[in-house]
Every structure is written in C-alpha cells, then in structure tokens.
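First the structure, in the form of structure tokens, and then the observations on it.
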Amino acid sequence: MTATLHTQTQSAAQTAELGYDLGQYVQSGDIIILSGDLGAGKTQFAAALAQGLDIDESITSPTFALMKRYLSGRIPLYHLDLYRLDRPEQLDDLDFWDLVALRAAVVGTQITEGATDMSPDAAGVVLIEWGDIFEQVTQHADLSITLRISGRSERNITLQSLSQRGAQLLADLQQKLQEEPETGLLMDALPPELSQGLPQEGETDQ
Ligand SMILES: Nc1ncnc2c1ncn2[C@@H]1O[C@H](COP(=O)(O)OP(=O)(O)O)[C@@H](O)[C@H]1O
Ligand SMILES: [Mg+2]
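Just so we're aligned, residue 519 is where the sequence shown starts under the numbering used here, counting upward by one.
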C-alpha cells in the first residue's frame with residue numbers, strides 16, 4: 519500500500535523547513551527520489567535535508583559531478599543527479615548499485631557476494647534528483663518527492679511512499695508537522711489534483 523502526502527509551500531524557506539524536518543527522521547539505507555522541473559526546488563530541498571542531518575558542508579547541485587558524498591553529518595549523505603543520464607546502464611558509473619547493495623545490507627536482506635566493495639559503515643541516506651527517469655531507480659527507492667511549480671514562489675509538493683520504510687517516514691513527518699503548526703505547513707492525504715483547488719488552511723473569505 520502506498521501512502522501519499524501533499525502540501526504546498528509559499529517560499530523556498532518553507533520548502534527548506536520540510537526538508538530539514540525529514541532530515542530528522544531519515545536513516546542509513548533510505549533511498550529518496552526528488553523529481554520536478556528545473557528550478558522546482560530539488561536541490562533546495564536536498565540542502566535543507568542535509569542541514570537536518572547536521573552536515574556543515576555547503577550542498578551544491580551534483581548535476582555535473584553526478585554524485586556527491588557528504589560525511590560531516592549524523593550519517594553519510596549521497597546526493598545524486600540523473601539529469602544528464604540517458605541510459606540506465608549509466609547508473610553503473612555513479613555507484614548507484616553499490617548504494618542499493620548497502621541498503622539491502624542495512625535492512626538485513628541477504629546481500630549478494632561481490633555486490634559491492636563498500637563497507638556497510640558507508641551506508642547513508644541517498645537523495646536522487648531526477649530519480650524518476652529510470653524504473654530501475656524507482657524500484658529500489660523508499661520515498662518519491664515531487665515538486666511542482668505552481669507560482670513564482672509557490673510549490674505543490676507530493677510525497678509518496680514506495681516501501682514500508684517510506685510509509686514510516688511519511689507517518690513521522692506528518693506527526694512532526696502536526697506538532698509544529700508554526701511552520702504553517704500542513705499535510706493532507708488528498709491527491710494533488712483534488713487538493714489544488716481547495717482553499718488553503720488559514721485563508722479568509724475577505
Ligand atoms: N516554494 C519554493 N520552494 C523551493 N524553491 C523555491 C520556492 N520558491 C522559490 N524557489 C526558488 O526556486 C529555485 C529552486 O532551485 P533548485 O533547488 O536548484 O531547483 P532544482 O534542483 O529542482 O532544479 C531556488 O532559486 C529557490 O530559491
Ligand atoms: Mg537540482
């Protein structure tokens with residue numbers, strides 16, 4: 519069963535709030551896809567999640583490096599960007615399959631001999647911009663986060679679980695936002711198509 523949450527942010531700072539909050543709950547092995555058009559806020563979200571992990575390095579877009587690793591936080595962060603790839607075979611070049619093998623090791627699934635030469639200690643949270651372009655990636659991910667540009671500084675954000683672990687992350691996040699009404703972020707479980715037309719919480723009739 520997939521769980522879906524939807525919210526709308528009115529500023530980059532509000533999107534960052536969401537990323538930061540999710541950073542409190544992610545664990546080693548979690549694989550999270552970020553999708554949405556150029557400029558939607560994927561890198562913005564990733565940088566805020568990194569802050570939530572207490573990473574003190576600055577996060578820059580991995581569009582050209584394809585994969586960047588940050589080690590200064592609570593757990594390692596692997597930040598990938600598939601924008602420049604056009605064939606799934608190219609995933610081999612950016613350690614994607616090693617990261618999938620590490621995830622299997624962390625969740626206790628049998629890991630195929632020789633699947634990776636990375637140590638299980640290297641496991642971390644994996645964020646993949648444009649991860650939705652290959653089903654090989656979606657198949658192994660826990661959570662899919664889609665950002666849609668709906669105004670100059672307004673974004674519709676949908677978070678969808680792709681595994682049991684992803685559903686747990688969404689439940690944690692939803693509870694956190696309920697306890698923190700001052701962020702102004704509210705989650706609803708409606709599909710975005712339905713909720714787009716609804717008035718936002720706190721909007722008045724004037
Ligand atoms: N609500 C919002 N959420 C996220 N980013 C926003 C928002 N409003 C404006 N922005 C701006 O949009 C841009 C998003 O850029 P970036 O994160 O690099 O996008 P992407 O990685 O998806 O291509 C930033 O300049 C950010 O300040
Ligand atoms: Mg980006």
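Beta carbons: idealized from backbone N, C-alpha and C, even for Gly.
Own chain residues within Cβ distance below 6 angstroms of residue i, not counting five before or after
i, result
"Ile663", "Leu552 and Leu677"
"Val644", "Ile549, Tyr596 and Leu617"
"Pro638", "Ala623"
Residue i to residue j span [Cα, whole Å]
i, j, result
"Thr634", "Ala619", "6 angstroms"
"Phe582", "Leu680", "27 angstroms"
"Ile651", "Leu600", "8 angstroms"
"Asp572", "Leu612", "24 angstroms"
"Ala568", "Glu653", "25 angstroms"
"Val655", "Glu698", "33 angstroms"
"Leu584", "Leu598", "5 angstroms"
"Leu708", "Ser546", "With a pLDDT of 44 at Leu708, under the threshold of 50, the predicted position of this residue should be treated as unreliable, though the coordinate-derived value follows. Their Cα atoms are separated by approximately 29 angstroms."
"Glu672", "Gly537", "16 angstroms"
"Pro594", "Arg670", "33 angstroms"
"Gly591", "Val544", "12 angstroms"
"Thr522", "Val624", "25 angstroms"
"Gln526", "Asp604", "31 angstroms"
"Leu665", "Ala564", "12 angstroms"
Best match in the options for proximity to residue i [C-alpha to C-alpha]
i, options, result
"Ala730", "Ala641, Pro606 and Ser668", "Nothing about residue 730 can be reported from this structure: the residues present for the chain run from 519 to 724 only."
"Trp648", "Ser590, Leu609 and Arg592", "Leu609"
"Phe614", "Ile646, Ala530 and Pro638", "Ile646"
"Ile550", "Glu672, Ser576, Gly626 and Ala685", "Ala685"
"Leu691", "Ala531, Gln526 and Gln542", "Gln542"
"Pro606", "Gln657, Leu589, Lys560 and Val644", "Gln657"
"Gly557", "Thr520, Gln696, Asp548 and Thr533", "Thr533"
"Asp555", "Ser637, Ser668, Asp574 and Gly626", "Ser668"
"Ala531", "Thr520, Ala566 and Asp639", "Ala566"
Span of the beta strand (DSSP E) around residue i
i, result
"Gln528", "Careful: Gln528 lies outside any beta strand (DSSP E) and carries neither H nor E."
"Arg621", "It is not in any beta strand (DSSP E) - Arg621 instead sits in the alpha helix (DSSP H) that spans Phe614 to Val624."
"Gly570", "Careful: Gly570 lies outside any beta strand (DSSP E), inside the alpha helix (DSSP H) at Lys560 to Gly570."
Close beta carbons around residue i, own chain, < 8 angstroms, minus the five adjacent residues each side
i, result
"Pro580", "Lys586, His597, Leu598, Asp599 and Glu647"
Element boundaries [alpha helix (DSSP H), containing residue i]
i, result
"Phe692", "Before going on, a small fix: residue 692 reads as Gln here, not Phe. Counting along the chain, the alpha helix (DSSP H) containing Gln692 begins and ends at Gln682 to Glu697."
"Val544", "It is not in any alpha helix (DSSP H) - Val544 carries neither H nor E in the DSSP assignment."
"Gln654", "Glu653 to Thr656"
Any non-hydrogen atom of ligand 4 closer than 6 angstroms to residue i Cβ
i, result
"Glu647", "For the structure depicted, ligand 4 is absent and the ligand set comprises only ligand 1 and ligand 2."
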